[in-house]
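S.K.: Under the numbering used here, think of the first position of the sequence shown as 31, with each following residue one higher.
The beta carbon of each residue, even a glycine, is placed where N, CA and C say it ideally should be.
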Amino acid sequence: MPVQVQIVKKEPIQIWKEFSARLEAVDFAEIRPQVSGVIQKVNFEDGAQVKKGDILYVIDTRPYQAAVNRIQADLNVALNETELAQKELDRAQNLIEVDAISKRIFDERESKLDVAKSRVSSMRAQLEQAQINLDYANVKAPISGKVSRDEIKLGNLVQAGPNAPLLTSIVSDAGIFADFEIDETTYLSEVRHMRENGDDAAIPVQLILSNGDIAATGVVQSFDNQIDSRSGTIRARALFDNKDNILLPGMFSTIKMGSAQPHEVIVITDQAIGTDQNRRFVMVVENNTVTIRPITLGDSMDGKTIVTSGLNEGDKVITEGIMRVRPGMPVDPKTSEEMASMAQATETPQQ
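(1) Per DSSP, what kind of secondary structure is I276 in: helix, strand or coil?
(2) With 16 as the cutoff for other CB atoms within 10 Å, does M31 come out buried or exposed?
(3) Mind checking which residues open and close the beta strand (DSSP E) that includes V150?
(4) If I follow the unbroken beta strand (DSSP E) through M287, where does it start and stop?
(5) Could you tell me which whole beta strand (DSSP E) segments of length 3 or greater appear in the stretch 168-211?
(6) Unbroken beta strand (DSSP E) runs of length 3 or more, entirely within the stretch 313-348: which are they?
(7) Do the CB positions of G205 and F270 come within less than 8 Å of each other?
(8) How many whole angstroms separate the CB atoms of A190 and P279, which I take to be in contact at a CB cut-off of 8 Å?
(9) Would you grab the beta carbon distance between I45 and G288 for me? Rounded to a whole angstrom, and I think it's under 8 Å.
(10) Between E367 and K40, which are expected to be in contact by the criterion C-beta below 8 Å, what is the C-beta distance as a whole number of angstroms?
(11) Could you name the residues of the same chain whose beta carbon sits closer than 8 Å to that of Q256, not counting the 5 residues immediately before and after it, in chain order?
(12) In the DSSP assignment, what residue or residues form a beta bridge with E60?
(13) For T247 and I233, what's the separation of their Cα atoms in angstroms?
(14) From V33 to V320, what does the alpha carbon distance come to, in whole angstroms?
(15) Please report the residue range of the beta strand (DSSP E) in which T263 lies.
(16) Would the stretch 153-167 count as touching the stretch 56-72 if we require 3 or more Cβ pairs under 8 Å?
(17) Is E54 near F207, with beta carbons less than 8 Å apart?
(18) Looking at the structure shown, is K364 part of a helix, part of a strand, or coil, going by DSSP?
(19) Output the distance between the C-alpha atoms of Q251 and L218, rounded to the nearest integer angstrom.
(20) Tell me which residues share the same chain as D104 and place their Cβ nearer than 6 Å to its Cβ, disregarding the 5 neighbours each side in the sequence.
(21) If you compare alpha carbons, which of I61, E211 and Q307 is closest to S50?
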């Protein structure tokens, strides 16, 4: 009896494994006031896209502008005093050379210039700080991305400091991370392939949403620096594009991680696999006689399954009608191509 068989051989297969993942923002910023005052303007709408440097809030600038003006005036006075002290010291230098003044008077004028210069330096530092505070009154977006809601409304007084209130937050739209845990064996296997094949051997990943859709494709960006001794896993991080802003931080998803390079493995069609309780087996033709062969299976993909043990290259596995044959039955093994040729040869052409 002819039976259709598959001649077992190794094939280059990219192996995919699934892991649970949680999405994290590539960049995230909490916006808090760095100076105190009354909020005079709110320049964004909840959920809007903002760019780095955009002014989100304006805190009353008047006291900070007044401080800048006051210190600038004090600095001008200090500069004039320094200029005068320099002239007095120059005159004293000429006089002491002809013994017209005492060394004490010369030292006093020299000290007066030093004090004036120190005051100028102090005023300049105070002016710089005052200008920084004035700039802080315009609360700017530190990153580009999607802004959250306005937590503090127009007209409210906010206080700077360690307990400064949250004004809003921004999530970067540059991409999104997926953090997931992989087992030690998988990690060692993929790192070995990466090192053997160089930096170009990136590990591909797919991000699967709860509805089964592939939301994005990317690559593994990094592995953590240690194995968790309690779980035997290591944390990995993948980076995905998020142009449509569909993916949000905090989402749970599934990561399908592919091997860095294809693995040479034995693969058979799923319809060739039989089940006996918890045991998997195939029917193999040896010397035109059917034998049963227990097998161990690996990952499945597209109607095929990897066989990790139980088969060797060159074995003839029955792929059609395995329930119609029994161990010890004599058969005539044919490949699918041979079976197709036989079927074509038996057809009678219609005249």
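M.R.: Let's see:
(1) Counting from 1 along the sequence shown, the entry for residue 276 is found at position 246. Three-state DSSP puts I276 in coil, outside helix and strand.
(2) Sequence index remark: in the sequence shown, residue 31 carries index 1 (1-based). Exposed is the call here.
(3) Residue mapping note: residue 150 aligns to position 120 of the sequence shown, counting from 1. First-last for V150: K133 to Y166, but that is the alpha helix (DSSP H), not the beta strand (DSSP E).
(4) In the sequence shown, residue 287 corresponds to position 257, counting from 1. Looking at the DSSP string, the run of the beta strand (DSSP E) that includes M287 is F282 to G288.
(5) DSSP runs (the beta strand (DSSP E)) wholly in the stretch 168-211: 168-170, 175-177 and 198-202.
(6) 319-331, 334-339 and 346-348
(7) Here residue 205 refers to the residue found at position 175 of the sequence shown. Here residue 270 refers to the residue found at position 240 of the sequence shown. The answer is yes: Cβ separation under 8 Å.
(8) Along the sequence shown, one-based indexing puts residue 190 at 160. Along the sequence shown, one-based indexing puts residue 279 at 249. That pair is no contact at about 27 Å.
(9) Taking the sequence shown and counting its residues from 1, the one referred to as residue 45 is at position 15. Taking the sequence shown and counting its residues from 1, the one referred to as residue 288 is at position 258. Confirmed, about 7 Å.
(10) Counting from 1 along the sequence shown, the entry for residue 367 is found at position 337. Counting from 1 along the sequence shown, the entry for residue 40 is found at position 10. Not a contact, Cβ separation roughly 20 Å.
(11) Position 226 of the sequence shown, counted from the start, is the residue given in the question as residue 256. Result list for Q256: I264, in chain order.
(12) In the sequence shown, counting from the first residue as 1, residue 60 sits at position 30. S199.
(13) Here residue 247 refers to the residue found at position 217 when the sequence shown is read from its first residue. Here residue 233 refers to the residue found at position 203 when the sequence shown is read from its first residue. Between T247 and I233, the C-alpha separation is close to 11 Å.
(14) Numbered from its first residue, the sequence shown carries residue 33 at position 3. Numbered from its first residue, the sequence shown carries residue 320 at position 290. Straight-line spacing of the CA atoms in V33 and V320 works out to 10 Å.
(15) By one-based count along the sequence shown, residue 263 stands at place 233. Its beta strand (DSSP E) spans residues T263 to F270.
(16) yes
(17) By one-based count along the sequence shown, residue 54 stands at place 24. By one-based count along the sequence shown, residue 207 stands at place 177. Contact: yes.
(18) Looking up residue 364 in the sequence shown gives position 334. Strand at K364.
(19) Taking the first residue of the sequence shown as 1, we reach residue 251 at position 221. Taking the first residue of the sequence shown as 1, we reach residue 218 at position 188. Each residue's Cα considered, the two are about 16 Å apart.
(20) The count along the sequence shown starts at 1 and reaches residue 104 at position 74. So the list reads M153, once near-sequence residues are dropped.
(21) Numbered from its first residue, the sequence shown carries residue 50 at position 20. For S50, the nearest C-alpha among the options comes from E211.
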